[in-house]
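A quick write-up on the structure given underneath.
Protein chains: 4
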Amino acid sequence: MAVAENSSQTVETRIKNPKLVRKKHLLIAAKATKLFIKKGFSGTSMRDISRVTKITLGNLYSYIKKKEDVLCLVFDLYHKSWVKVLEKNGIYAIDDPEEQIRRAIRAMLQSCEPYQDEIKLMYLESRFLPEKSLKSAMENERELVHEFEKMIRRGVERGAFRVEDPFFAANMIVFQISVSPLRGWNLRDRYRYEELVRLTENYILETLVK
Amino acid sequence: MAVAENSSQTVETRIKNPKLVRKKHLLIAAKATKLFIKKGFSGTSMRDISRVTKITLGNLYSYIKKKEDVLCLVFDLYHKSWVKVLEKNGIYAIDDPEEQIRRAIRAMLQSCEPYQDEIKLMYLESRFLPEKSLKSAMENERELVHEFEKMIRRGVERGAFRVEDPFFAANMIVFQISVSPLRGWNLRDRYRYEELVRLTENYILETLVK
Amino acid sequence: MAVAENSSQTVETRIKNPKLVRKKHLLIAAKATKLFIKKGFSGTSMRDISRVTKITLGNLYSYIKKKEDVLCLVFDLYHKSWVKVLEKNGIYAIDDPEEQIRRAIRAMLQSCEPYQDEIKLMYLESRFLPEKSLKSAMENERELVHEFEKMIRRGVERGAFRVEDPFFAANMIVFQISVSPLRGWNLRDRYRYEELVRLTENYILETLVK
Amino acid sequence: MAVAENSSQTVETRIKNPKLVRKKHLLIAAKATKLFIKKGFSGTSMRDISRVTKITLGNLYSYIKKKEDVLCLVFDLYHKSWVKVLEKNGIYAIDDPEEQIRRAIRAMLQSCEPYQDEIKLMYLESRFLPEKSLKSAMENERELVHEFEKMIRRGVERGAFRVEDPFFAANMIVFQISVSPLRGWNLRDRYRYEELVRLTENYILETLVK
DNA sequence: CATGAATGAGCTTTCATTCAT
DNA sequence: AATGAATGAAAGCTCATTCAT
Chain A
1 MAVAENSSQT
11 VETRIKNPKL
21 VRKKHLLIAA
31 KATKLFIKKG
41 FSGTSMRDIS
51 RVTKITLGNL
61 YSYIKKKEDV
71 LCLVFDLYHK
81 SWVKVLEKNG
91 IYAIDDPEEQ
101 IRRAIRAMLQ
111 SCEPYQDEIK
121 LMYLESRFLP
131 EKSLKSAMEN
141 ERELVHEFEK
151 MIRRGVERGA
161 FRVEDPFFAA
171 NMIVFQISVS
181 PLRGWNLRDR
191 YRYEELVRLT
201 ENYILETLVK
Chain B
1001 MAVAENSSQT
1011 VETRIKNPKL
1021 VRKKHLLIAA
1031 KATKLFIKKG
1041 FSGTSMRDIS
1051 RVTKITLGNL
1061 YSYIKKKEDV
1071 LCLVFDLYHK
1081 SWVKVLEKNG
1091 IYAIDDPEEQ
1101 IRRAIRAMLQ
1111 SCEPYQDEIK
1121 LMYLESRFLP
1131 EKSLKSAMEN
1141 ERELVHEFEK
1151 MIRRGVERGA
1161 FRVEDPFFAA
1171 NMIVFQISVS
1181 PLRGWNLRDR
1191 YRYEELVRLT
1201 ENYILETLVK
Chain C
2001 MAVAENSSQT
2011 VETRIKNPKL
2021 VRKKHLLIAA
2031 KATKLFIKKG
2041 FSGTSMRDIS
2051 RVTKITLGNL
2061 YSYIKKKEDV
2071 LCLVFDLYHK
2081 SWVKVLEKNG
2091 IYAIDDPEEQ
2101 IRRAIRAMLQ
2111 SCEPYQDEIK
2121 LMYLESRFLP
2131 EKSLKSAMEN
2141 ERELVHEFEK
2151 MIRRGVERGA
2161 FRVEDPFFAA
2171 NMIVFQISVS
2181 PLRGWNLRDR
2191 YRYEELVRLT
2201 ENYILETLVK
Chain D
3001 MAVAENSSQT
3011 VETRIKNPKL
3021 VRKKHLLIAA
3031 KATKLFIKKG
3041 FSGTSMRDIS
3051 RVTKITLGNL
3061 YSYIKKKEDV
3071 LCLVFDLYHK
3081 SWVKVLEKNG
3091 IYAIDDPEEQ
3101 IRRAIRAMLQ
3111 SCEPYQDEIK
3121 LMYLESRFLP
3131 EKSLKSAMEN
3141 ERELVHEFEK
3151 MIRRGVERGA
3161 FRVEDPFFAA
3171 NMIVFQISVS
3181 PLRGWNLRDR
3191 YRYEELVRLT
3201 ENYILETLVK
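As given, the protein sequences belong to chains A, B, C and D, one line each in that order. One point on numbering: in the working numbering, the residue at position 152 of the first sequence is 152, and numbering is uninterrupted. Every position in the second sequence, counted from 1, becomes a number in the working numbering once 1000 is added. Every position in the third sequence, counted from 1, becomes a number in the working numbering once 2000 is added. Every position in the fourth sequence, counted from 1, becomes a number in the working numbering once 3000 is added.
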């Protein structure tokens, strides 16, 4: 969930200098994100993007080939490495299943915090991705679900969890983690984010634990 | 979740005959829904809508004033009466809190079943609604959340439920009910809908019940 | 070579009134022809065409679907019925082969006269036609060549002509007929058109007749 | 018709070293020719030319000033020295007029053979030449016509030819020589080139000779 | 009430060309 | 001499919306 370091291998470029490409791609992705959040992908014009990035329209097209490439850049920027979030937070090293999954959820929630709008954006606009990118985004999510499934199964085997269908539960948990970005309008003016984290964490755990 | 009978108070019209207006509004909403599901609101042109409704472009603008009015009509058609779903299914008459909420969830899930795509659509395109309609749609949801909150509080008082924060829980439940429309791509080819209903129902109940 | 009466069956339209379509198509074709002669097909923009026809750009696209359709309209306007020119001039009724072919050539040359630039245009820009139209244009020419071939064979059988290869000769004659439009720059300021007709006619006949 | 040795006096350059200029000009012309044949002058972009020549876009503009200069280079490359073809083939030394003109035609046809596409190209795209180059190209052709005119007049004086108007005939002959490049689509899949040479040669001669 | 032609602004994309290094 | 990033204008085309009939 942390912002990706190496964006934009996906997007072809006419510019040769890779450092410059990276820099501009980051700029484009960052600025476009804000526009997309405000007006949506279809509602944002290339001229808008040109204006806010202060990159000439013609030059903009030196760094991308099509408008949807901008969307890919945005996804590249934010959609990297859900699983890495777990790795980085040392989740796999935790032995106790309850503690493990609790910490996993918390890690996810905390690393989502600064990117609520971005996550919603990705949720709303993923359908405009070119098929290849869409697939990779979905694969990314599937991986995350799979990690949770494994954690749940382990908890069940250990007798710590009581779960009817681990695959379904894993899907539900991943979905529940996104409750704040997706339903924020009803929650975020009522709770501080930390509270939301705690509440969500507890709520999910309540379901699993015997 | 049943289709609303009286759509289109929201949308102003040049036509006087109210029966005709209602008839055409229903037609427009129904046909536009399919287009929006397939191509999104921004991806659908007024010409597309004119073509599928077989209403001339000019005439179409006798029944609406702007393109976003069509979206309002669609929302009017599907977004009415969440609470009525509960009423109609006799939820309020059920005394046992666990049974009550279980049946409420089931009623919601079942009445959502034929409208998965429409629900997703409303989720995706609500941001293009004019503010007034958006507010009313949100209000509608808030009402539903509120009903669940009341059921939860009653269960807690009766000692049937163990819930930290009823308002949060109600929000989460309403959110969880929409797991199938919103995350269908990973679930719907694995489970039949009845199974999903059962799994979701059980999963949510597991959390609440002591 | 006479201008076609019924242009534009080829080109699809959003406009329903067929008379209007015909009228505008004629207008578009006529005005575009002049532009294409001056600046070529690629060098002429849709905006140019919009300007000279005084049809709004958006509306222009109600009468065509793509820019190349305009080229089709131009070809429809001028490229009809080479063979009809022969029919209309009563060529097939002439018994004497020499007289027949002489009159055929003259008829072609005379009916070409008002359209020198247009013929050159069609020669230069035919490569931008969509394949279907290109084929039909080529077929049209092939028919003309074929008619000449038949006339030549008849003359050979009658002992009036001395020709090595009638098919080749027919091709060469059709080519020679276009000498004025295609090489006009060197000839047209030296001879009046009538003289060119006479010279070409005699020159070709000289080759054939025993 | 042989490729010119000294191209590019026409085109101004920022580069000083004349050998280098010549080398690059030849490269540009040769590669651009292929592109122009395939996609036309207007359909070819400077980037295309940069790509195939492997000369950087910026550097390309060190050797030319405008895109049309590239066209000039192409014309320089192929359009030189029609008259030289006659010289090199020893045409002027031939005494017998019929033999002379027959050999002249054959020489032209044979030296055209490898450049059919190039000749058509020059025919199609000459209108994009800057006026000066266009004039020089036309002058070149005029010279060729003039040579033929002289040969014809000589034949007439000697009593070998019977020609109404030598200037017109010369024009027509030069035009006929280009029948294969310009009308190839109907002839070239029916005859081998040698046959076309023989047929054209005989056909033209038939007209002239008493 | 209905028709469908017309409008004009806006879209994405590409191009010839220049300029700093 | 050479590189390649940058520019700004213009291209083809579509759209929501209006208006005369």
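Cβ coordinates follow ideal geometry from the N, Cα and C atoms, glycine included. Source: prediction; values computed, not measured.
- Per DSSP, Ile-2105(C) is one residue of the alpha helix (DSSP H) stretching across 2097 to 2112.
- At a Cβ-Cβ threshold of 9 Å, Ala-2160(C) and Asp-2096(C) count as neighbours.
- In the displayed model, Val-163(A) falls within coil according to three-state DSSP, outside both helix and strand.
- The beta carbon of Gln-100(A) does not come within 9 Å of any beta carbon belonging to chain B, so the residue lies off that interface.
- Val-2209(C) has Phe-2161(C) as its beta-bridge partners, per DSSP.
- Here Glu-1012(B) really is in contact with Lys-1065(B); their C-beta atoms are around 6 Å apart, less than 8 Å.
- Classified as buried, Thr-2053(C) has 16 or more neighbouring CB atoms from the shown chains inside 10 Å of its CB.
- A distance below 9 Å separates the beta carbons of Leu-2182(C) and Leu-3182(D).
- When secondary structure is reduced to three states using DSSP, Thr-2053(C) falls in the helix class.
- Within 10 angstroms of the beta-carbon of Glu-194(A) lie fewer than 16 other beta-carbons, which makes it exposed.
- At a cut-off of 9 Å between beta carbons, Ala-160(A) makes no contact with chain B.
- Around the beta-carbon of Thr-3056(D), fewer than 16 other beta-carbon atoms lie within 10 Å, marking it exposed.
- Contact of Met-2172(C) with chain D by beta-carbon distance below 8 Å involves Gln-3176, Val-3179, Thr-3200 and Tyr-3203.
- The stretch 172 to 179 of chain A and the stretch 1166 to 1186 of chain B touch, with no fewer than 3 CB-CB distances between them shorter than 8 Å.
- The Cβ of Gly-155(A) sits no closer than 9 Å to any Cβ of chain B.
- Closer than 9 Å to the CB of Phe-2036(C) there is not a single CB belonging to chain D.
- Between the stretch 3057 to 3076 of chain D and the stretch 3141 to 3156 of chain D there are fewer than three inter-stretch CB-CB distances shorter than 8 Å, so the stretches are not counted as touching.
- Interface with chain B (9 Å Cβ-Cβ cutoff): Phe-168(A) is included.
- Residues of chain C whose Cβ lies closer than 7 Å to the Cβ of Thr-3207(D) are, in chain order, Tyr-2203, Glu-2206 and Thr-2207.
- By the Cβ-count criterion, Gly-2058(C) is exposed, with fewer than 16 other Cβ atoms from all chains shown falling within 10 Å of its own Cβ.
- Neighbours of Ser-3042(D) in chain C, taken as residues at a C-beta separation under 9 Å, are given in chain order as Gly-2040, Phe-2041, Ser-2042 and Gly-2043.
- Close partners of Trp-2185(C) in chain D (Cβ separation under 9 Å): Met-3138.
- About 6 Å separates the beta carbon of Glu-3147(D) from that of Val-3083(D), a gap short enough to meet the 8 Å contact definition.
- For Tyr-3193(D), the nearest beta carbon of chain C is not closer than 9 Å to its own beta carbon.
- Going by DSSP, Glu-2087(C) is part of the alpha helix (DSSP H) stretching over 2082 to 2088.
- Between the alpha carbons of Ala-1107(B) and Phe-1128(B) lies a gap of roughly 29 Å.
- C-alpha of Ser-2136(C) to C-alpha of Leu-1121(B): approximately 48 Å in a straight line.
- Cα atoms of Arg-3192(D) and Ser-3180(D): separation of roughly 11 Å, rounded to the nearest angstrom.
- Residue state for His-25(A) is assigned as helix, using DSSP reduced to three classes.
- Here Gly-2090(C) is exposed. Its C-beta has fewer than 16 other C-beta atoms within 10 Å.
- In the three-state DSSP reduction, Phe-1041(B) falls in the coil class, being neither helix nor strand.
- Rounded to whole angstroms, the separation of the alpha carbons of Gln-2100(C) and Val-2163(C) is 16 Å.
- With respect to chain C, the C-beta atom of Phe-3128(D) has a partner C-beta closer than 9 Å.
- With a contact defined as Cβ atoms closer than 8 Å, Leu-1205(B) and Arg-1102(B) qualify at about 6 Å.
- When 8 Å is used as the limit between beta carbons, Asp-48(A) is near no residue of chain B, the shortest such separation being about 14 Å.
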